[in-house]
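Chains as they are written, first to last, in this note's numbering: chain A, -10 to 315; chain B, -10 to 315; chain C, 2 to 331; chain D, 2 to 331.
Beta carbons: idealized from backbone N, C-alpha and C, even for Gly.
The structure appears right after this line, and notes come after that.
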Ligand SMILES: Cc1ncc(C[n+]2csc(CCOP(=O)(O)OP(=O)(O)O)c2C)c(N)n1
Ligand SMILES: Cc1ncc(C[n+]2csc(CCOP(=O)(O)OP(=O)(O)O)c2C)c(N)n1
Ligand SMILES: [Mg+2]
Ligand SMILES: [Mg+2]
């Protein structure tokens, strides 16, 4: 099987869609000549030209909003919001327009729009370039929400997002762009709403997203050395959520840790915990532990930054805490 | 004790602050001559004049943003966002600026800004005028979040929000403006971060916010008839959260229902459930039940609207479900 | 309504008397419809937030008459006139206001979310400025596919103060898409007069086009013929690939902001005078010399049509409560 | 730097040679500081995202020289020059870039969040346009309290496409607050040239002021004297209660968007020519006839100052990791 970086995997899905389908186009700030702030769209301008690979002004409301309008007219736009912190500027269009047109029109309209964005700590970007905001969108009926953690997932899920007839917010994590992973020869669409079990185990289930999937896998290796068998599940699609796979896993292990990079308070882990404690109440042998960032705007200095966001050792500690319970 | 409506209680706090303190001013759309879309600020223009009671253009980013700037310069602005759905337009200023200035500056700056807003279902406002978005802000370090459910709380909490040196989002619920309640003779500040036990009980704790406090009290009355003793707790301040009062209540009753009008998925009830299952794991006799709106943009037709958002009977059902457990 | 082709035949850019009479009829239909809405609201029959456009009928009728069926519009909270003029039958609009399955948004939208995609109404919007960027995207799609269609956004003077307005105008001009931005300038944003919300004198709001180098066309919004001709010109400009147009129409809101608004903020004499001198239907009636008898006949027909719409709406089907979940996802 | 009072004494609106020499020195300090930043970044010592303003020193120096200490500024992602010119010692800025407690934001901010409230720097902003509305609010506070101070927002041509720009300009003019909007127009937004982001020709961006009826003052951003005089005029206008000013300064970014940017999108010859003809420091040096010897002396002093700043920074204190939580709430 070939290997791709996460960055290449995203690019691969974009390129294939652009190649095969005239209704697809991409737009965003600096995605053309420069290939995007994270070099994801490099080369696409040369292949597809400036009509379908469009640099935009710094206008996050209009980027998302014009994507909505084009989508309603039968296009499949993929827009890029350079940093997910700037989703704060397009919330109105995303939440009040994209997510609601279909219901408000009584089903006359659908909005097959994909919004790609990226974020996360690492490299000391400071408080305004590092947030993880996926939890907000899980609270918005009408949207779908994806957070890919591996090259294969990124490629297959992005494809499904593009061809889903609903507006989908697609989160990438900055520090994953360079990771490599095996991918199938041909792009394999991965259905939205299916979790992935990365690693089977019998003592604890860790439900992790984004960068924390990798940290959790590392923690699982460590725990193994202590004889703790850890199952790692990545929901991949946060909305709709594959409750079944997650709950079954917890019923098997009887213990659960949730892990994401976003701040813990009000994060996606809260939703997971609420679902799991409800569905697996009689199976749980310990409270669900949540791992997430400290509750603070991300400080710049690397020491504070790295302290604030969770790593493998934080997941490991949580695993140990839950196992230590009676 | 005198009685005030919730509307009058909010106005009372605004009027007193404007009267006693030159650094206080209020601004927002149509808050002057018209007295606000919900008639909350009626009369304030006449008493305090157009310099301190300022109509603004339809510019939600600039309303919040200029509030931030004035706050940093030592004023205590209270800005109104007419419907909380329009907070989506000011998210950037709220989340990236107001919430973060203090940390990013290493403590040089504080932002004593209050953002009042209102929302909720009732009166068939449709999908863009009815959202309950408080959960988003609970996920934002640097903000405080208040949701008042009674006249006394509205008045005392608003006062504390105005005099808190942090940016505070203050949620009001549209259908509560006309309810009456006893208030103390003089305005009594209510500290942020203290929950209120509305009703003591021993079998189930209902943790409710906003309109659902009243629905839950009604449900508790009903449950009483079946011999179920219900404790109703209103956190009032969602951030910071009075975990202690809530958890102690659940430890006492061993059962818990959370209730809010926002959609359940990703709502504040998820955070409550996550906290409670963790802190009271060994005390809980049943899974925590969550009550919230159906997962859909709010439909217009009154029948669908009222079906989608929770009422006393939904809380009652949840109470019964949790009691029915082993 | 006449199609673009018929209109073209009726003498190029000229407006025949027959066409003006058609406009008169439609404007009066809008007026009677909205008066009925006010009436049924007072009777307690209509849920939701309602905004009528009494006094602004000429902008809806004049603009939409100049559009082809395949052109699309985005409307505002003040939406009834736009919806009627773009071609949705009044009974389907009325049914929507009553929250019925027969409504143009199947009861999901209400007055602030009237949709009718078949006739090119992409929806009214309850967020001021909310519909503008979508129109840029629709126009972009038309341009990319080489379709000869325009996309039209209606909005008020208050909306020109939103960031969305700025970003949408800017992007539309940068990409020279076939969009028309129809500014219905009534000088009020709810209770806030122009002087409290616009740094420019209200009559000069068209200057905002220059910030983007955008073509500006202005017309008297109370004169339906002027609006119609201006829109034809705007459409021609856009379809010729010359880029978008700001179509600035000065108009007058002869009622409250919302149905039930006591307008405490408004000078009563001024309003009275405006009602007497600025009513676009009266003005057109005078010009066409429509006499009392003729008027009575037309009015009777339209009143009956609106009455029938109410009957249709009331006899409509209430959606099943649990159908609230029906259209969340495609 | 000279205070407003000293400057006033030095001949009213005229700019003495001594003052110009002061400008030269400060601009060269900014240049040497930023070259050192590039150097230390390449050495792997500096974390975070860094943007230098090489070529744009005259706007920072010229604007801030015309301000009083009690005037406030909001800066951008390209912040070092503004911070230096507003009066923060270079060692505190360098220490911030190294993430040290001695930094001007105590290590919490980094290059994109340089604050120094004591000298009136309300902070650099990593969100394009993010600082503008706050400046309107600051100016409003000054106006409400009758204080003779101005609030100044720096921003680029790219920022003029944000909704925030529009809402801020509009509100400032509507309320005639003493704000100055300093447009540092370098014709680029990252890799995106003016032609791909601005519907207006880049030289005509000042036209945006007219959309609000705002006073426009324009100056050559490579001529520090012109910038200084223009800012004095803007400040006078604002303090006289005549409302805000858009100060449009045409400038040139003579390096990449960020430190490390290979600028694949940029014509190399054009850049070379710009570097040769548009460098504001060279231009001023020539005008002042600063000879090689004199230059060497000044340069040596400034280079040493910057070197000392690096030493200061490196010897600084790392914040305790858990102090990440220290300043979240007041
Ligand atoms: C973003 C936003 N802010 C505020 C409102 C509340 N609101 C509804 S209509 C309106 C006034 C709109 O004025 P204008 O754009 O001139 O339209 P008009 O009502 O005059 O037709 C306001 C403030 C809203 N719907 N959306
Ligand atoms: C809202 C927002 N969108 C995008 C970015 C990413 N970004 C950082 S600087 C920049 C270009 C800014 O251009 P301009 O305003 O002209 O300033 P310059 O860099 O030329 O000094 C962009 C797009 C951002 N920081 N904020
Ligand atoms: Mg208006
Ligand atoms: Mg620039």
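Identify which residue in the options has its Cα closest to the Cα of residue i.
i	options	result
residue 274(D)	72(D), 192(D), 289(D), 253(D)	253(D)
residue 164(B)	218(B), 184(B), 198(B), 108(B)	108(B)
residue 180(B)	216(B), 35(B), 143(B)	143(B)
residue 172(C)	243(A), 44(A), 265(A), 202(A)	44(A)
residue 321(C)	-2(B), 297(B), 126(B)	297(B)
residue 168(C)	52(A), 167(A), 215(A)	52(A)
residue 72(B)	33(B), 62(B), 41(B), 117(B)	117(B)
In or out: residue i buried (at least 16 other Cβ within 10 Å) or exposed?
i	result
residue 313(A)	exposed
residue 299(B)	buried
residue 149(D)	exposed
residue 140(B)	buried
residue 28(B)	exposed
residue 293(D)	exposed
residue 256(D)	buried
residue 13(C)	Because the pLDDT of residue 13(C) is 48, which lies under 50, any placement of that residue in the model is unreliable, and the question is left without a value.
residue 19(D)	exposed
residue 196(D)	exposed
residue 315(A)	exposed
residue 44(D)	exposed
residue 231(A)	buried
residue 17(D)	exposed
residue 89(A)	buried
residue 8(A)	exposed
residue 177(B)	exposed
Would DSSP call residue i helix, strand or coil?
i	result
residue 108(B)	strand
residue 280(C)	coil
residue 279(A)	strand
residue 227(B)	strand
residue 305(B)	helix
residue 296(D)	helix
residue 315(D)	helix
residue 124(C)	strand
residue 125(B)	helix
residue 191(A)	coil
residue 165(B)	helix
residue 245(B)	strand
residue 38(B)	coil
residue 186(C)	strand
Which residues in chain E sit within 8 Å of residue i, going by Cβ to Cβ distance?
i	result
residue 213(D)	No chain E is part of this structure, whose protein chains are labelled A, B, C and D.
Tell me whether the beta-carbon of residue i lies closer than 9 Å to the beta-carbon of residue j.
i	j	result
residue 262(A)	residue 262(B)	yes
residue 137(B)	residue 102(B)	no
residue 111(B)	residue 114(C)	no
residue 76(B)	residue 134(B)	no
residue 99(C)	residue 94(A)	no
residue 211(B)	residue 255(A)	no
residue 65(B)	residue 30(B)	no
residue 6(A)	residue 148(A)	yes
Residues passing the C-beta test against ligand 4 heavy atoms, cut-off 6 Å: 157(D), 158(D), 159(D), 187(D), 189(D), 190(D)
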